[in-house]
Amino acid sequence: MERNILITIEYDGSAYSGWQIQPNVPTVQGEVQNALRRVLGRDIKINGTSRTDAGVHALGQRASFHLEPGIPTERIAFALNNALPGDIRIVSAEEKEADFHARFSAKGKKYIYRMKHHVSAFESRYFYGVEEGLDMDAVHEAAKIIEGTHDFKCFEAAGADPKDSTVRTIWSLTMDRVREDGSVCGSEDRSAGYDLVVMGDGFLYNMVRIITGTLVDVGRGRIGAGDIYEMLEKKDRTLAGHTAPPEGLYLAEVFYGEDDQWKTHV
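Residue numbers for the sequence shown follow the working numbering, beginning at 52 and rising by one.
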């Protein structure tokens, strides 16, 4: 009897053209499916939760696939990690009910966007360089306006399917100064950077990166916090801020029905 397997994946997206398989370029999905072929001797298609773009990283991407009896579920992560490149790791594998789907069963996602004041050559693939002195009171005001259920078309990049709904619910959106260890701090710590953390029931194409760029522009004084109302009302991408680069973005977590954390934000 086939098993329905859910794997949790972390990866450094620097060397890949995103998650989804594309012809003639390396992708994360392609590497995981190649590893499955080497381990099992046959082709298996996996269904990922989020189609992260080129350069975007993941701490908790999820993917599901059907697997015949054979390798024990608790050995799947070990076997795949031996066949994967070092910048992709299977964190865990578990068996799910037959109708479970990594994408369609998801209730929501959590993303983290990381910024620093001084980004070294060794950090440029993992942080966005943002100057000191952002007006954090204005940033926090703008973030609160973005929270909730809205038509977020103003935060969607060109290229999305125009037939798809652009209404989403943001459960929580914060942007704080953080130390190297991730702890929140005040403006007195000159070495601190910024972490944006957003959780919601779904996200449009480049939505998190555009929200990040907009909040940075609010902090710079180029956009007023109250201007967010007009952006949302007019559904006009040109009124929102710049699109932050992919390198600072991390898919942190995917929430399903059995997870308690997502329920506290509905």
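Beta carbons: idealized from backbone N, C-alpha and C, even for Gly.
The alpha helix (DSSP H) enclosing residue i, as first and last residue numbers
i	result
Tyr-67	Counting along the chain, Tyr-67 falls outside any alpha helix (DSSP H), and DSSP gives it neither H nor E.
Gly-106	Careful: Gly-106 lies outside any alpha helix (DSSP H) and carries neither H nor E.
Val-83	79-91
Ile-274	Looking at the DSSP string, Ile-274 is not in any alpha helix (DSSP H), and its letter there is neither H nor E.
Leu-191	Checking the sequence shown, residue 191 turns out to be His, not Leu. Its alpha helix (DSSP H) spans residues 187-197.
Identified DSSP bridge partners for residue i
i	result
Lys-147	Asn-55
Ala-400	Residue 400 lies beyond the stretch modelled for the chain, which goes from 52 to 317, so this question has no answer here.
Ser-223	Met-250
Asp-202	Val-218
Gly-137	None; Gly-137 has no bridge partner.
Tyr-245	Met-166, Arg-228
Given residue i as reference, the closest of the options once Cα atoms are compared
i	options	result
Asp-202	Glu-119, Gly-292, Phe-254, Pro-136	Phe-254
Asp-227	Ile-72, Leu-247, Phe-116, Arg-271	Leu-247
Lys-96	Glu-198, Ala-208, Leu-87	Leu-87
Gly-272	Val-218, Glu-284, Gly-292	Gly-292
Ser-216	Lys-204, Val-249, Gly-308	Lys-204
Leu-290	Pro-296, Val-218, Met-282	Met-282
Gly-99	Trp-70, Ile-279, Ala-105	Trp-70
Ile-89	Arg-102, Val-79, Leu-135, Gln-112	Sequence check: residue 89 is Arg here, not Ile. Answer by Cα proximity: Leu-135.
Arg-54	Lys-195, Pro-74, Phe-151, Ile-60	Phe-151
Val-181	Ala-105, Gly-106, Ala-295	Ala-295
With 16 other Cβ atoms within 10 Å as the buried cut-off, status of residue i
i	result
Asp-268	buried
Asn-257	buried
His-108	buried
Ser-115	buried
Glu-146	exposed
Val-305	buried
Ala-153	buried
Val-317	Confidence at Val-317 is low in this model, with a pLDDT of 47, below 50, so the placement of that residue should be treated as unreliable; the coordinate-derived value is given next. By the neighbour-count rule (16 or more Cβ atoms within 10 Å), Val-317 is not buried but exposed.
Endpoints, beta strand (DSSP E) assigned at residue i
i	result
Gly-270	Gly-270 -> not in any beta strand (DSSP E); alpha helix (DSSP H) instead, spanning 258-271.
Tyr-164	159-167
Phe-306	300-306
Minimum Cβ-Cβ distance from residue i to chain B less than 8 Å
i	result
Gly-244	Given the protein chain composition of this structure (a single chain), no chain B is represented.
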